Every structure is written in C-alpha cells, then in structure tokens.
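Colleague:
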Amino acid sequence: MAESICKSLRDGALEGEHSPALTIKDSLESLAGAHAFNYFLRSLAANVSTGKSQARGLVLVAFNQSPSSYLSLLNGKGLDASVLRKFLRILDCYSDPLGWKENILQSGGHDKPTLKESDNVCRDVKDVSKLLSLILELGKGFAGEGKTYFAVAIDSISTMLRYASLQLVAGFISNIRSQGQVSCMIWLLHTDLHEARSAAVLEYVSSIVASLEPMVQTTEGKRGSENLFCLGRNSQNGRFHVRLKRRNGRVKLLNEEFHMDQDGISFTALSSENVVVSQTRLPKLQFNLLLSEKERDDRARVVLPFEHQGMTLKPWLKIEHRLLTKNSSSSGSRGGESQHKKTCLDDRPHLAEVHFIRELSVCSWDSHRSDI
Amino acid sequence: MNTSPHLLDEALGLMPGISNGGALSQGCIVLIEDSVETSGAFILHYIVKRALSLDSSGIVLFLALAHPFSHYERILRKLANNLSRLCELFPKMAELRQGARPVTEYFAEWKGCNLSVHREQKRFHLFDILQLEFPCESKKDSVEQGLVELYSKIQSAVEVISSRDHSRAHISILIDDLSILEIAAHGSMDHVLNFLHYCVTLTSEQNCSLVILNHEDIYPDIEGRRLLSHLVYLADFIIKAEPLATGIAADVHGQLTVLKKGTSNNGHYSADKASNFHFQVKEHGVDLFFPGSRC
Numbered sequence: 001m002a003e004s005i006c007k008s009l010r011d012g013a014l015e016g017e018h019s020p021a022l023t024i025k026d027s028l029e030s031l032a033g034a035h036a037f038n039y040f041l042r043s044l045a046a047n048v049s050t051g052k053s054q055a056r057g058l059v060l061v062a063f064n065q066s067p068s069s070y071l072s073l074l075n076g077k078g079l080d081a082s083v084l085r086k087f088l089r090i091l092d093c094y095s096d097p098l099g100w101k102e103n104i105l106q107s108g109g110h111d112k113p114t115l116k117e118s119d120n121v122c123r124d125v126k127d128v129s130k131l132l133s134l135i136l137e138l139g140k141g142f143a144g145e146g147k148t149y150f151a152v153a154i155d156s157i158s159t160m161l162r163y164a165s166l167q168l169v170a171g172f173i174s175n176i177r178s179q180g181q182v183s184c185m186i187w188l189l190h191t192d193l194h195e196a197r198s199a200a201v202l203e204y205v206s207s208i209v210a211s212l213e214p215m216v217q218t219t220e221g222k223r224g225s226e227n228l229f230c231l232g233r234n235s236q237n238g239r240f241h242v243r244l245k246r247r248n249g250r251v252k253l254l255n256e257e258f259h260m261d262q263d264g265i266s267f268t269a270l271s272s273e274n275v276v277v278s279q280t281r282l283p284k285l286q287f288n289l290l291l292s293e294k295e296r297d298d299r300a301r302v303v304l305p306f307e308h309q310g311m312t313l314k315p316w317l318k319i320e321h322r323l324l325t326k327n328s329s330s331s332g333s334r335g336g337e338s339q340h341k342k343t344c345l346d347d348r349p350h351l352a353e354v355h356f357i358r359e360l361s362v363c364s365w366d367s368h369r370s371d372i
Numbered sequence: 001m002n003t004s005p006h007l008l009d010e011a012l013g014l015m016p017g018i019s020n021g022g023a024l025s026q027g028c029i030v031l032i033e034d035s036v037e038t039s040g041a042f043i044l045h046y047i048v049k050r051a052l053s054l055d056s057s058g059i060v061l062f063l064a065l066a067h068p069f070s071h072y073e074r075i076l077r078k079l080a081n082n083l084s085r086l087c088e089l090f091p092k093m094a095e096l097r098q099g100a101r102p103v104t105e106y107f108a109e110w111k112g113c114n115l116s117v118h119r120e121q122k123r124f125h126l127f128d129i130l131q132l133e134f135p136c137e138s139k140k141d142s143v144e145q146g147l148v149e150l151y152s153k154i155q156s157a158v159e160v161i162s163s164r165d166h167s168r169a170h171i172s173i174l175i176d177d178l179s180i181l182e183i184a185a186h187g188s189m190d191h192v193l194n195f196l197h198y199c200v201t202l203t204s205e206q207n208c209s210l211v212i213l214n215h216e217d218i219y220p221d222i223e224g225r226r227l228l229s230h231l232v233y234l235a236d237f238i239i240k241a242e243p244l245a246t247g248i249a250a251d252v253h254g255q256l257t258v259l260k261k262g263t264s265n266n267g268h269y270s271a272d273k274a275s276n277f278h279f280q281v282k283e284h285g286v287d288l289f290f291p292g293s294r295c
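Protein sequences appear in the order of chains R and S.
Under UniProt numbering, think of the first position of the first sequence as 1, with each following residue one higher.
Under UniProt numbering, think of the first position of the second sequence as 1, with each following residue one higher.
#1: Of all Cβ atoms in chain B, is any one closer than 8 Å to the Cβ of H190 of chain R?
#2: Could you tell me the alpha carbon to alpha carbon distance between R162 of chain R and S66 of chain R, rounded to whole angstroms?
#3: Under 6 Å Cβ to Cβ from I212 of chain S, same chain only, skipping five residues before and after it: list those, please.
#4: What would DSSP say about K122 of chain S, mapped onto helix, strand or coil?
#5: By Cβ distance below 6 Å, which residues in the same chain neighbour V128 of chain R in space, the five residues on each side in sequence not counted?
#6: Determine which residues of the segment 217-250 of chain S have a Cβ less than 7 Å from any Cβ of chain R, and write them out in chain order.
#7: Quick one: what's M260 of chain R bridged to in DSSP?
#8: Give the residues from the segment 182-200 of chain S that approach chain R closer than 8 Å (Cβ to any Cβ), ordered along the chain.
#9: Could you name the residues of the segment 32-48 of chain S whose beta carbon sits closer than 7 Å to any beta carbon of chain R, in the order they occur along the chain?
#10: With H, G and I counted as helix, E and B as strand and the rest as coil, what does DSSP make of L244 of chain S?
#11: Any residues in the segment 160-179 of chain R with a beta carbon nearer than 7 Å to a beta carbon of chain S? Which ones, in chain order?
#12: So for V158 of chain S, helix, strand or coil by DSSP?
#13: In three-state terms, what does DSSP make of K245 of chain R?
#14: Just to confirm my understanding: we take H215 of chain S, look at its own chain, exclude 5 residues before and 5 after, and list those with CB closer than 8 Å. What are they?
#15: Answer yes or no: do L212 of chain R and K261 of chain S have a C-beta to C-beta separation smaller than 8 Å?
#16: Which residues mark the beginning and the end of the beta strand (DSSP E) in which S178 of chain R is found?
#17: Can you name the residues that DSSP bridges to L270 of chain R?
#18: Find the residues of chain R that neighbour H268 of chain S, judging by a C-beta separation of less than 7 Å, and give them in chain order.
#19: For the putative contact between S162 of chain S and L24 of chain S, defined by C-beta atoms under 8 Å, what is the C-beta separation to the nearest angstrom?
#20: Start and end of the alpha helix (DSSP H) containing K86 of chain R?
#21: Looking at L58 of chain R: is its Cβ nearer than 8 Å to the Cβ of L88 of chain R?
#22: Since A271 of chain S meets chain R, which of its residues come closer than 8 Å, beta carbon to beta carbon?
#23: Just tell me which of S:I29, S:F289 and S:L14 has its CA closest to the CA of T203 of chain S.
#24: If you reduce the DSSP assignment to three classes, tell me which class D177 of chain S lands in.
#25: Just the Cα atoms here: how many angstroms apart are V232 of chain S and A250 of chain S?
#26: Would you list the residues sitting across from H190 of chain R in a DSSP beta bridge?
#27: In angstroms with no decimal places, state the Cα-to-Cα distance between L126 of chain S and L44 of chain S.
#28: Only counting the same chain, and skipping five residues up and downstream in sequence, which positions put a Cβ closer than 6 Å to that of S209 of chain S?
#29: Can you tell which of R:A170, R:G249 and R:S266 has the C-alpha that lies nearest to the C-alpha of Y239 of chain R?
Have a look at this one:
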C-alpha cells in the first residue's frame, strides 16, 4: 500500500487535473510521522533522480529541519551531491523564518551575512504569497524538454499553520496543486497541534491521507509516565491507515502496519493478531479474552434456559418454548423454528391467539441460519 | 541496590567517553516537565554540574528566569560534595603525577561546583532576566522586539565562544523556566515558540544543546497544552518528574521517566528508549534507583 502511494506520487498529475497531494498525519500517540515523511520523500527523490517519475525536479520546503540534514538524509540513501544538485532545490524556511537574524546583523552593522543568498532562504514565512512565488520560481529552474513538471514537499504544514491562518494555507496549497507544472505534493501534519477543523480542511484539499495511529489507542486522559511509555512504544510500530480519493469520488480505505527498524520505517500487511487487536481495541494481554472459532461454535450450541432477555417478550417466549418443545417432539424435527410464528393454543380455547415476531440473537443462532 | 546518579547519565547519554565527557550530545534538545508536587529543577542543576565537570570542557549559557545567580551558586556548590565523588576522582590522580592538572582543581571539584569560578573562567554565562518584562503598549511588537534582543545576546555569546581558541567546547543552553518566559510574552505561545525555534537553529548550526524546563500542570485546557505538545515534538529527550502514584514516601520523593526519541543518523535508526527511576533528593545531590530496588 505504501508502494501504491509512491506509485501515485511518481505518476503525477493528469493534464487538466489537480496534482495528487498526500497528507501524512501523526499525533503525540504515534510520533513516527517525520519518519514516514522522510520515507516518501526518499522514494520520490529516487524516482525523480532516475527519471521514472513525471516530475523532473523536487522543491523541498524545509520548516522543521535544516537543509543540510535533508541533504545528508538523501545522501545516505545513495543519492550523491552532484545528482542532488540537478534535481533538488531546498527552500530554507528553517534558518531565519522571521528575519530575526537578518535584523540582528543589520542593527549590529555587520557586513558578513550568515546565510548566503544562494541558500534560498525565506526570511518572511508569514507572507504566504511570497512563499508561493519562491516555490514556483525554484520549480521553473529545472531543465527538461517541453513542459517540465516538479514535485513539492513541505516538511511540516503544522509549522506553516503557526505562521499563517488556515484560510491562507489552504489557499496556498490549492494554488500550488492547480499549477500546471506541479506533478505532486506531500506534507506532514501533526494533528494535535491544531483544531480538528484545520486537519479536516487539509484532508479535503489532499487526495491521499495517510495516518499513523497507535496499534492500541491511549486511554484518554492518561498522563505522566504511563503516557510517556506509551509514546515510546507507539513510535516503534502502529497502524498505517490510508484513505485514497479517486477522481470519480470513490474512496478506498487501506490498512497496513508500520515498524521502525535499523533502516528506518517499513510497511507490512497487518498481521492477523493485530487485526483482531485493532478491531477490538483491547491492549495486548497475557491471557486471552477472545474466543476461538471452535469455542464460538460450542457457545452457540448451548441450550439456554430462556430464549430472550427482552423485558416485554419474556413471558410469551417461555410459553412458546414449551409449545415448540412439544411440537418438535411430536414431529421429530425443528421445522417450527421460523422467524414468524403463529401459535394457536388449541387445548386452551379461552386464551387469545398470540402473534409475535421473534428476534434472533445473532451469535447464538448463526449456526442455525441455514435451517431457517 | 543501584543508587547511582549514573542512571540519569546513562538515560541521557552522558557517559564519559561516549559523549562529550559529561555534556549532552551535540545538537540534542532536552525537555524537562515537572509538576507542583515534584520539582524537576534538580535535573537542571545536575546537567549544569555535569557540563562544567572536569571530564567535560563544556560551556553553559543559562537563562535564569526563575532564580538569581546566588540561588544556583549555593545549590551547585553543595552538589558532589560527597565521598563517592572523591573516590571517583582518585583514579585521575595519575594525571597529577604527569602534571596535567593541579591538585587544587580536583579538590575544588570534590568541594562542589563553584559557579563564580566558572563564571570568571567564562565557562558559565548567566543571563539574569529575572525581571524580564516587555512593555504593554503596542504589545505585539514590543514582545517580539524583546525576544529578538534576548536571542541576539545568546547568539552573540555562542559566536564569541565558538570563535575562541577552545572552539571545540560544547555549548549547552539552559532555560529555567519556560513558563516565566511565556508570562513575560503576555501568554503568547507563538512568540515563545518563535524564540525557541531560533534557539533550536543554534543546535543545528553551532551544535549546541538546548535544555528547557517547563511545568506540566499549569495548563488548564487543550488549547493551553498545545505549547507542551509543540515541545514534545521538538525534543529528543523528554524527562518527566512526577510524584509517586501512591503518594509521598519518606525515602522516595518521586519518579523520573526519561524517553529518548528514536533518531536517524546516516541512514541508521536508533530506537526509542524509555527508562523509569525513583529518586530521593538529598542535601548534596540526588539518589536515583530502580523502582523496588531499595529495601
């Protein structure tokens, strides 16, 4: 499934359509969002560098980490500096996002700038329109024949939301996606740093939403050391939940499992044990609270001393049970067990005729469905 | 029974020979969260002491928002004044014979961490901002301007230290405590986070480490707790000091939980690691031990 996301980013946009956009979202319950972002960034960079993707270049907007850390991240995965120079442009919104350093330099009368102009430093990230023009300018610099597409990666949309309002950020993303030259977009969102509506707006403007969730949800209100232990454990593995929106409006939901190992994050199919755990939301326990298939069958065959626990139908059901037993013993079959019953009490003519609909308990009657 | 403060060293990666001989690893960010019932200030003092120890050539930039210099000096002077530390220093006496260091230095360390001496030697820089206040008129600009000035002082101190002969010295920036900075910034979370972001850039550009003390229980609602959430995302180490769930005990003053977040370095990922200790704060230091290991 992670591969299908990589493929979707690689294939890029269709002519006249908005480019695919991936939101990677995490929370304090599962902190692996940055690792997932790096995984998809590396995959995209590898596809761009080998010419497999629609995009011929990648513009990375760095809010949370220094450009050098991204260069070393991509260098460590076999992309050397000369290749990176060709297809990667980093817009540095990390080093001096509000221009403080520039102001200090100017007020101190220093001539030597700490950051070179060639470093593509943005010194006023609050100005979203300027940010947009800087990204598009960097994207136009890639060499290629005909129309040259480029991909855009924003390492933390959460940081951007701190500098600009939700409306401006949503408009900024829609604007980039609608640019004919943009092949695809990815960004990282920390959901618990914002109101629920901010996450919802960003999910609306994206075509793929990948959430990193803990295998077991932390109890609400759990604080202190317990929470910290959960945080550590949940960062190691968890559920990778993906919602893919097709152009026709069809939504596809997919589930995988992520693990952190020596080489970073990896994605695998959900193991059957964890499927059960994630369905029941029960923590992993030393003892088993769930029934096996055989135990479930055995339980279904148990003859209960009553047939319904409903408040109103209880006495009638008891009568019916007695009659059914009588009928079945005379006919030698259980053919009387139908959903709609009509019971005539012939031996007691003074009693009224009783009609009732019997509700079948799903778990106890599953095995008899075929008879019905 | 393990009652060694080295448990904290191990959890924070302060082991001599592994790290910078007692200072935090380069570029790391440590968040200390404490509560009203259990103060985490002793962790801050311990980090200062380790950064200024003889094993380390560290330099400390201390943003003192909570207490005056005399407070820290008094506490640090008492720390390490025990026999076990003297025993640890004995093996290093071999250096004496080679004339590497005068005996007075070892004796001074055994006596405790003298901040005044370290201040004279320019190893301890205290930013006395106890009375930090930004004028209320034109609130937004004055707060930002005040924080820019504060950052400017820190940056120039770092640059001066880095340009000195012993530029290899590891710089630790400590903030005691962030909640007071938030009050000074008229409760503006964004301004505090902007200031912190610039301090964080020093960790990547100058390899400094950053230690932040903040309180967990002062935020009444989710909106207020967002600052804490931001800090948790930011930090490499999270230390929580909290009371025992069973209440206070005579010989256990609380528990420490240390979470080291997993990091990627040169394509290799190191896993998260969480540790839990109990502690007892004493006159001359702190005893750390595993839960249940004390009879």
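We treat Cβ as the ideally placed atom computed from N, Cα and C, and that holds for glycine.
A quick note: this is a predicted structure, and the numbers were derived from the prediction, not measured.
Modeller: Let me lay it out:
#1: No chain B appears in the structure shown, which is made up of the protein chains R and S.
#2: Their Cα atoms are separated by approximately 18 Å.
#3: Here the set comprises L31, I175 and L178.
#4: Coil at K122 of chain S, not helix or strand.
#5: Excluding sequence neighbours, V128 of chain R sits near A164, L168 and F172.
#6: Per Cβ criterion, the list reads R226, S229, H230, V232, Y233, I238, K240 and E242.
#7: Bridge partners of M260 of chain R: R:I265.
#8: Only D190, L193, N194, H197 and Y198 from the segment 182-200 of chain S bring a Cβ to less than 8 Å from some Cβ of chain R.
#9: From the segment 32-48 of chain S, no residue has a Cβ closer than 7 Å to chain R.
#10: DSSP, read as helix, strand or coil, puts L244 of chain S in coil.
#11: If the cut-off is 7 Å between Cβ atoms, the segment 160-179 of chain R has R162 near chain S.
#12: In the structure shown, V158 of chain S adopts helical secondary structure according to DSSP, grouped into three states.
#13: When DSSP states are grouped into helix, strand and coil, K245 of chain R belongs to the strand group.
#14: Excluding residues within five positions, the ones whose Cβ falls inside 8 Å are E33, D34, S35, V36, D177 and S179.
#15: No.
#16: Run containing S178 of chain R: none; DSSP gives neither H nor E here.
#17: Note: L270 of chain R sits in no beta bridge, so no partner.
#18: By Cβ distance, chain R contributes Q262.
#19: Rounded, the Cβ-Cβ distance is 17 Å, inconsistent with contact.
#20: Boundaries of the alpha helix (DSSP H) around K86 of chain R: A81 to F87.
#21: At a Cβ-Cβ threshold of 8 Å, L58 of chain R and L88 of chain R count as neighbours.
#22: Those within 8 Å of A271 of chain S in chain R are Q236 and M260.
#23: Nearest C-alpha to T203 of chain S: S:I29.
#24: D177 of chain S: coil per DSSP, three-state reduction.
#25: Within the model, the alpha-carbon separation for V232 of chain S versus A250 of chain S is close to 32 Å.
#26: Answer is R:D26.
#27: Taking C-alpha positions only, L126 of chain S is separated from L44 of chain S by approximately 14 Å.
#28: Counting only Cβ-Cβ distances below 6 Å, and skipping sequence neighbours, we find L24, C28 and S172.
#29: According to the sequence displayed, residue 239 of chain R carries Arg and not Tyr. Comparing Cα-Cα distances from R239 of chain R to each of R:A170, R:G249 and R:S266, the minimum goes to R:S266.
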